[in-house]
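In UniProt numbering, the protein residues as written are 1 to 775.
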Amino acid sequence: MVKHMFLEDVNNLISDDKWLIFQNEYNTEVNPRYETLFTLTNGYMGVRGTFEEGSEGERSGNFIAGIFDKSDAQVREIVNAQNWLRIKLYVEGEELSLDKCQLIEFKRILDMKKGILFRSMLIKDSKDRITRIEGYRFISRSDLHRSAIKLFVTPVNYSGVVGIESIIDGTVLNSADSPKHRVKHLKVADNSSLNKSGVYLETATIDDDIRIATGSAVRLYHYEDKEKNNIAKFKRFLPLGEMSIEYFEFDSTENKTVVIDKFVITYTSRDVRKDLLKSTVEKELFAFAGEGIDKELQRHIEVYEELWSVADINIEGDEEADKALRFNIFHLMSSVNENDPLVSIAAKALHGEGYKGHVFWDTEIFMLPFFIYVYPQAARTLLMYRYNMLDAARKNAALNGYKGAQYPWESADTGEEETPKWGFDYKGNPVRIWTGDLEHHITADIAFAVWEYFRATEDIEFMLNYGAEIIFETARFWVSRCEYVKELDRYEINNVIGPDEFHEHVDNNAYTNYLAKWNIKKGLELINMLKEKYPEHYHAISNKICLTNEEMEKWKEVEEKIYIPYDKDKKLIEQFEGYFDKKDYVIDKFDENNMPIWPEGVDITKLGDTQLIKQADVVMLMLLLGEEFDEETKRINYEYYEKRTMHKSSLGPSMYAIMGLKVGDHKNAYQSFMRSANVDLVDNQGNTKEGLHAASAGGTWQVAVFGFGGMEIDKEGALNINSWLPEKWDKLSYKVFWKGNLIEVIVTKQEVTVKKLKGKGNIKVKVKGKELTIE
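(1) What residue ranges within the segment 367 to 426 form continuous alpha helix (DSSP H) runs of no fewer than 4 residues, ordered along the chain?
(2) Which residue's Cα is closest to the Cα of residue 643: 671, 627 and 611?
(3) When you compare each of 454, 486, 343 and 515 to residue 441 by their alpha carbons, which one comes out closest?
(4) Kindly confirm or deny that the segment 104 to 123 and the segment 195 to 210 touch, where touching means at least three C-beta pairs closer than 8 Å.
(5) Closer than 8 Å is the cut-off here; do at least three beta carbon pairs connect the segment 576 to 589 with the segment 599 to 615?
(6) Confirm, please, whether the CB-CB distance from residue 676 to residue 699 is below 7 Å.
(7) Reducing DSSP to helix, strand and coil, say where residue 534 ends up.
(8) Specify, as a first and last residue, the run of the beta strand (DSSP E) that residue 51 falls within.
(9) If the criterion is Cβ atoms closer than 7 Å, does the pair residue 264 and residue 147 meet it?
(10) Among 83, 131, 110 and 402, which has the Cα closest to the Cα of residue 102?
(11) So, residue 373 versus residue 736, is the Cβ gap smaller than 7 Å?
(12) What does the alpha-carbon distance come out to for the pair residue 413 and residue 207?
(13) Applying the criterion that 16 or more other CB atoms from any shown protein chain within 10 Å of the CB defines a buried residue, is residue 539 buried or exposed?
(14) Take every Cβ of the segment 178 to 186, pair it with every Cβ of the segment 298 to 305, and state whether three or more of those distances are shorter than 8 Å.
(15) Buried or exposed for residue 422, please, with buried defined as at least 16 other CB atoms from any protein chain shown within 10 angstroms of its CB.
(16) Quick check on this structure: which residue in 236, 95 and 80 has the alpha carbon closest to the alpha carbon of residue 54?
(17) DSSP three-state call for residue 730: helix, strand or coil?
(18) From residue 158 to residue 225, what does the alpha carbon distance come to, in whole angstroms?
(19) For residue 653, which three-state DSSP category applies?
(20) Please give me, in chain order, every unbroken run of the alpha helix (DSSP H) with length at least 4 that falls completely inside the segment 304 to 332.
(21) How far does the beta strand (DSSP E) with residue 827 in it extend, from its first residue to its last?
(22) So, is residue 588 buried or exposed, given that buried needs 16 or more other C-beta atoms within 10 angstroms?
(23) With distances taken Cα to Cα, identify the nearest neighbour of residue 779 among 254, 165, 128 and 216.
(24) Would you identify the three-state DSSP class for residue 106, choosing helix, strand or coil?
(25) How big is the Cα-Cα spacing for residue 725 and residue 364?
(26) Based on the DSSP output, what are the partners of residue 80 in its beta bridges?
(27) Once you ignore the five residues that flank residue 349 on each side, which residues in its own chain have a CB closer than 6 Å to its CB?
(28) DSSP state of residue 281, grouped into three classes?
(29) In whole angstroms, what separates the C-alpha of residue 42 from that of residue 187?
(30) Out of 425, 418 and 270, state which residue places its alpha-carbon closest to the alpha-carbon of residue 435.
(31) Please classify residue 28: is it buried, with 16 or more other beta-carbons within 10 angstroms of its beta-carbon, or exposed?
(32) Check whether the segment 402 to 412 and the segment 349 to 358 are in contact - that is, three or more C-beta pairs closer than 8 Å.
(33) Provide the residue span of the beta strand (DSSP E) that contains residue 843, from first to last.
(34) Have a look at the DSSP bridge pairing and note the partners of residue 215.
(35) For residue 238, which residues does DSSP report across the bridge?
(36) Measure the alpha-carbon distance for residue 279 versus residue 656 and round it to whole angstroms.
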């Protein structure tokens, strides 16, 4: 059905349908969503799925991890780097424009198995000349600096002169479509031709003079010519201001296909010295062009094969869920650079400018579990980002009058707080943003992530050299953050924002207080463990951060007396002090995407006066610290808060899905899972054009593995499997790393099978309460 639109060489590359996401029509209204869905990234660089020739209303984006700039923006934001995708085609001087010509056929395909974006179209110009354009592009996962585009151009009913512009465009802006917010972060430092045929554009960030260097080269040849002889009869280099352009012309023959190979190399001054950038790019570019696209593409495909060999999850009996889950895994695993401990994964990954490319708690709580169990080395690298920003977190704590390390709510390349102070409401009115000032739970979230990584990997080298210091300094922060109330003999944490951001300036948010308590307690436990087993390392750490026995006594006192709001009679954890006194609304209506509709009578400008919440808060707490709560408490709190959660954040549905499975609400659990899995595919938050919902992608994986797959770690640190499958699912299979061993779990309605695929020694697993030894 699909492959008739492609040449045989392209057909042979395209994977089976279960790996493919389709765009079947060109529509400027929905194109920006597909630009996000079709973003290709290798963790070093992400390129949005815009069209090579450009299109009306596009949101082009080329984002390089770790490149931030402030310039005229409120805060440092990820830089939209020069756009190297551009290839414009002209037939006898007339541009083949997507918006001006007639599209007879159109299709784009994201191949998730191979990380390739395919395209095919049949286009008619004003002179009724019909041209078929098809091809593909990829951002290499084998060599992070290489990218390529291959286009096949066939004149269907004419012969004549065809012109090609290959462009590296440095005119790019951030927030280009918003006059209120647009910013220029780059200036051109070098725009020149390269001696062996190619062009070079080097830009510099406004504030820090970080250099971004891009080189591109084009090769033109007839499809049937195995020698790939150049057919360009005219060539010209045009350094037009901030654009570097190569222009070619060739004589086309009716029904004779011409191939355009565009080779691209990208380096920055984070990679090599500024004075070596141009020579490095030139050398790498012509090595790539000399080798050809096919060999690099094959290496790229092999990397994806290796990744999928562990990451893929198979759901039999539910094609929609199977493909949606695979879509989330594809983008998640493509977004990490396991070799760079100075970058993390942003809330929108490298898929768009949403949230300015900043890193939130999304990474540690929602995304990191995937990497811990599927790609442990990448998980370690992501945690090393937080360790490398520890000094900035100490500075942040000191600036706010606290001790230890306070991680910022929004982080970029320096580790300092980057949350904007002001934003705009839905009417365009300026509003104060308090999250950077008050959403402190992220500090405990990061400590929690460190411990979860250690539990699953037993990476003692990481814990001794990096992780323990994070846990100690964050515990120290919480002790200084707590306030002692003498008349009640308790410690409180006041004036915060919990995970539910509808309610600001609240006191004693249960999630925040409980995680702070956990953080301090874990710090004390870790001190005892290090003293007993690794005294020399403990001595070195305690000397480095001036940790004393007297301070430990203070930690114990605070940890024991932190207040948690709780209604003992109803077994309800109060989300924060005074929450139950707010006006109560219950959600009872849902839209076509099964998303909650505002209850009648709600004033959405005064949500803080109601019990409606944005996302999982208490339910989130009970998931992270599940061993702290009995089953009845989980059920009661789930049932109460589920009816009041508006899911105005993509982070919530996955957490409700997992908890729903734990308390027996299977129907709602499946619906919540599909809300999470489809958040970008159906755009149920309405903002997919801004970038990927990366936390939701991680949460979707968690539902499959921790929810339906039933995997959890008990109090004793043992692996448990307590699975449940929806009615239409026949089988679920997934793989995880557990303490250095790769295991496969296969779940059917009749049995659960656990196999060890790689590793040494026996593994003990409890399957539905029965302890098994896997050899």
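All residues carry an ideal CB built from backbone N, CA and C; glycine is no exception.
Here the structure is a predicted model, which is why all the values come from computation and not from measurement.
Short version:
(1) You should have 368 to 374, 376 to 388 and 390 to 399.
(2) Comparing Cα positions, the closest option is 611.
(3) Of 454, 486, 343 and 515, the residue nearest in Cα terms is 515.
(4) The segment 104 to 123 vs the segment 195 to 210: no contact.
(5) At 8 Å Cβ cutoff, the stretches touch.
(6) Pairing residue 699 with residue 676 gives a Cβ-Cβ distance under 7 Å.
(7) If DSSP states are grouped into helix, strand and coil, residue 534 belongs with coil.
(8) Counting along the chain, residue 51 sits inside no beta strand (DSSP E), nor does DSSP assign it H or E at all.
(9) In contact: residue 264 and residue 147 (Cβ atoms closer than 7 Å).
(10) Taking residue 102 as reference, the option from 83, 131, 110 and 402 with the minimal CA-CA separation is 131.
(11) In contact: residue 373 and residue 736 (Cβ atoms closer than 7 Å).
(12) Computed Cα separation, rounded: 13 Å.
(13) Counting C-beta atoms within 10 angstroms of its own C-beta, residue 539 has fewer than 16 neighbours from the protein chains shown and is therefore classed as exposed.
(14) The segment 178 to 186 is not in contact with the segment 298 to 305.
(15) When all chains shown are included, residue 422 counts as exposed.
(16) Selected option, being the one with the closest Cα: 95.
(17) The answer is coil: DSSP assigns residue 730 none of H, G, I, E or B.
(18) Rounded to the nearest whole angstrom, the C-alpha separation of residue 158 and residue 225 is 21 Å.
(19) It is helical.
(20) Here no run is fully enclosed.
(21) Outside the displayed span of the chain (1 to 775) sits residue 827, for which this structure offers no information.
(22) Residue burial is scored here from C-beta neighbours: residue 588 has fewer than 16 other C-beta atoms within 10 angstroms and is therefore classed as exposed.
(23) Since the first and last residues shown for the chain are 1 and 775, residue 779 lies out of range.
(24) In the structure shown, residue 106 falls within a strand segment according to DSSP collapsed to helix, strand and coil.
(25) Near 27 Å, if we compare the C-alpha coordinates of residue 364 and residue 725.
(26) Looking at the DSSP output, residue 80 bridges to 63.
(27) 335, 692 and 694.
(28) In the structure shown, the three-state DSSP call for residue 281 is helix.
(29) Cα-Cα distance, rounded: 25 Å.
(30) For residue 435, the nearest C-alpha among the options comes from 418.
(31) By the neighbour-count criterion, in which 16 or more other beta carbons inside 10 Å mark a residue as buried, residue 28 falls on the exposed side.
(32) Segments in contact, yes.
(33) Outside the shown range of the chain, which is 1 to 775, sits residue 843, and nothing can be said about it.
(34) Paired residues: 200 and 265.
(35) Residue pairing of residue 238 in beta bridges, as defined by DSSP: 245.
(36) Approximately 53 Å between the Cα atoms of the pair.
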